[in-house]
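Numbering (the numbering used here), first residue to last: 33 to 193.
Glycine included, C-beta positions come from ideal geometry on N, C-alpha and C.
All of these numbers come straight from a predicted model, not from anything done at the bench.
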Amino acid sequence: MDGLDWQGAVKDIAASVSWLKSNGSPKVGVTGYCMGGALSIASAVLVPEIDAVVAFYGVPSSGLADPSQVKIPVQAHFGELDSFVGFSDITAAKSLEEKLKSSGVPFEVHIYSGIGHAFMNASPDGIKRRKEMGMNDEDPAAVDLAWSRFSSWMGKYLSSP
């Protein structure tokens, strides 16, 4: 994660949102996993043209963006057993929740019991990587619930009036 130009990535997201809106998309949502999840939350602070965010297991560093300053609805998903301390572990998830409370915007933080990082990645490579890192097997019920929550959130905030 140290090799990513985080500021540059947020600028790329902003440019993408701008392009989509100038080419007919009335509303734009952003979602991401791991680093993409952290970038999604950072974008909720730094890119006010976004209409909704759903982030999966990732919180931006305080140097990039302060989640208490989000300007748009944010939904976030974390595994209770995530071991990436300060980035996506349960402490980071609960800290994010507290910061989102102070933002005054609609938010949801979901913590799924008994699962760890990358629980949404059902690809063969993702499963292999999780096992190599000592993480749990996938939990289809948690994945289905997270997809349902994602769809409801984006549907609520991205539907045209």
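Linking M186 to A178 through their CA atoms gives a straight-line distance of about 12 Å. Restricting attention to L36, S50, H149, I82, the CA atom closest to the CA of S115 is found in H149. Around the beta carbon of G90, 16 or more other beta carbons sit within 10 angstroms, so the residue counts as buried.
By the beta-carbon neighbour count (other beta carbons within 10 angstroms, threshold 16), V117 is exposed. Cβ contact annotation for A124 (same chain, cutoff 7 Å, sequence separation greater than five): V91, G118, in chain order. Three or more Cβ pairs closer than 8 Å define a contact, and the region 76 to 83 meets that threshold against the region 51 to 66. Ranked by how close their Cα comes to the Cα of H109, the residues G158, D121, S100, K103 have D121 in first place.
Relative to H142, the option among L190, S127, A46 whose CA is nearest is S127. By the beta-carbon neighbour count (other beta carbons within 10 angstroms, threshold 16), G35 is exposed.
A direct Cα-Cα distance of roughly 15 Å separates T63 from V102.
Between S134 and S100, the C-beta gap is smaller than 8 Å, which places the two residues in contact. Cβ-Cβ distances below 6 Å link R161 to nothing in the same chain once the five nearest sequence neighbours on each side are left out. Under a 10 Å Cβ-count criterion, Q107 is classified as buried, with 16 or more other Cβ atoms of the shown protein chains found around its own Cβ.
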